[in-house]
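A.B. asks:
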Amino acid sequence: MGRLSKRQKAMRETSGRRDPLPIDEAIRVVRESVPAKFGESVDVAVNLNVDPRKADQIVRGSTVLPHGLGKEIRVAVFADGEAAEAAVEAGADAVGLSDLADEIKGGKIEHDVYIAAPSAMRVVGALGKVLGPRGLMPNPKSGTVTPNVGEAVRNAKAGQVRYRTDKSGIIHCSIGKKNFSQEAILENLTALLNELVKAKPPAAKGVYMQRITLSSTMGPGVRIDQSSIKLQ
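Going by this note's numbering, the letters in the sequence shown line up with residues -9 to 222, in that order.
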């Protein structure tokens, strides 16, 4: 058998942990794992006790993390008139209507967030098959279809994250970069978990958050002991 690399040794050691760790320790383990050759993100997976097959148990929403995501967010806005002016003033990277839609239909999808003024949905509605599978389709529930496009652009640029349960009832979300401080990752994670608690569907029964797992882009998951988490 060949020799293991430092990364493989670290991953084997970390993946061998079965017991949940206190939140501070879990963050430390993720931050101190052997770095990749690029800036890794810190991601969290939250298993919720919901049935996403039922419309009244889908958990979705957005929140602005206190320390952002540690990367530049490119934002495109579908709007005209005063709404377009507000988007430009707020720092949108692209603003348009049919011209922007034509670029997307042609396969030019180069923005992280797409926002639309309500009046622009006549144009945006035709983009569902392109933007939908990528999770980029503007939607009122995620705050990306709004008359306040300027505020939406500023929130997106500030590190707003959008979350939604997948088919297994799990929320997957990035909460920053591995080179963030311990405190910044903790505060971002706590902010997200507080929002998930607020978004708990009335129909959800039993223990709502069943498992919380933290990881870096290239690292194994580390379970968090929920009794160590202080939420509002």
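Glycine included, each C-beta is placed from N, C-alpha and C at the ideal position.
How far does the alpha helix (DSSP H) with Ala35 in it extend, from its first residue to its last?
C.D. replies: Element bounds for Ala35: not the alpha helix (DSSP H) but the beta strand (DSSP E), Ser31 to Leu38.
A.B. asks: Using the Cα positions of Gln200 and Thr180, report the straight-line distance between them to the nearest angstrom.
C.D. replies: 16 Å
A.B. asks: With distances taken from CA atoms, which of Tyr153, Val143 and Leu183 is nearest Ala107?
C.D. replies: The shortest Cα separation from Ala107 among Tyr153, Val143 and Leu183 belongs to Val143.
A.B. asks: Who pairs with Val65 in a beta bridge, going by DSSP?
C.D. replies: Val103
A.B. asks: How would you label Lys(-4), buried or exposed, when you count the other beta carbons within 10 angstroms and need 16 or more for buried?
C.D. replies: Residue confidence for Lys(-4) is low, a pLDDT of 46 falling below 50, so the modelled location carries little weight and cannot support an answer.
A.B. asks: Assign Gln47 to one of three DSSP states: helix, strand, or coil.
C.D. replies: helix
A.B. asks: Could you give the distance in angstroms between the alpha-carbon of Asn39 and the alpha-carbon of Gly196?
C.D. replies: The C-alpha of Gly196 is placed about 7 Å away from the C-alpha of Asn39.
A.B. asks: Which ranges would you report for the alpha helix (DSSP H) in the region 130 to 187 if only whole runs of at least 4 residues count?
C.D. replies: 139 to 147
A.B. asks: Quick one: Cα of Asn169 to Cα of Ile17, how far?
C.D. replies: The straight-line gap from Cα to Cα measures roughly 11 Å.
A.B. asks: Keeping to the same chain, check which residues put their C-beta closer than 6 Å to that of Gly159; ignore five residues upstream and five downstream.
C.D. replies: Leu38, Val40 and Pro42
A.B. asks: Which residue marks the beginning of the beta strand (DSSP E) containing Glu111, and which one marks its end?
C.D. replies: At residue 111 the sequence reads Met, which differs from the Glu that was named. Premise fails: Met111 lies in the alpha helix (DSSP H), Met111 to Val114, not in any beta strand (DSSP E).
A.B. asks: Less than 8 Å separating the beta-carbons of Ser171 and Ser23?
C.D. replies: no
A.B. asks: Ser88 by DSSP, collapsed to three states: which one?
C.D. replies: helix
A.B. asks: What does the Cβ neighbour count give for Val135, buried or exposed, with the cut at 16 atoms within 10 Å?
C.D. replies: buried
A.B. asks: Rounded to the nearest angstrom, how far is the Cβ of Ile175 from that of Val36, given a contact under 8 Å?
C.D. replies: Not quite, the Cβ-Cβ distance comes to about 15 Å (not below 8 Å), so this is no contact.
A.B. asks: Starting from the Cα of Pro192, find the closest Cα among Ile13, Leu59, Lys44 and Gly29 and give me that residue.
C.D. replies: Lys44
A.B. asks: Report the CB separation of Ala69 from Ala77 in whole angstroms; it is logged as a contact under 8 Å.
C.D. replies: 6 Å
A.B. asks: Is the distance from the Cβ of Ala146 to the Cβ of Val113 below 8 Å?
C.D. replies: no
A.B. asks: Assuming Leu11 and Val212 are in contact, meaning their beta carbons sit under 8 Å apart, how far apart are those beta carbons, in whole angstroms?
C.D. replies: 6 Å
A.B. asks: State the start and end residues of the unbroken beta strand (DSSP E) segment that holds Leu11.
C.D. replies: Here Leu11 belongs to no beta strand (DSSP E), and DSSP marks it neither H nor E.
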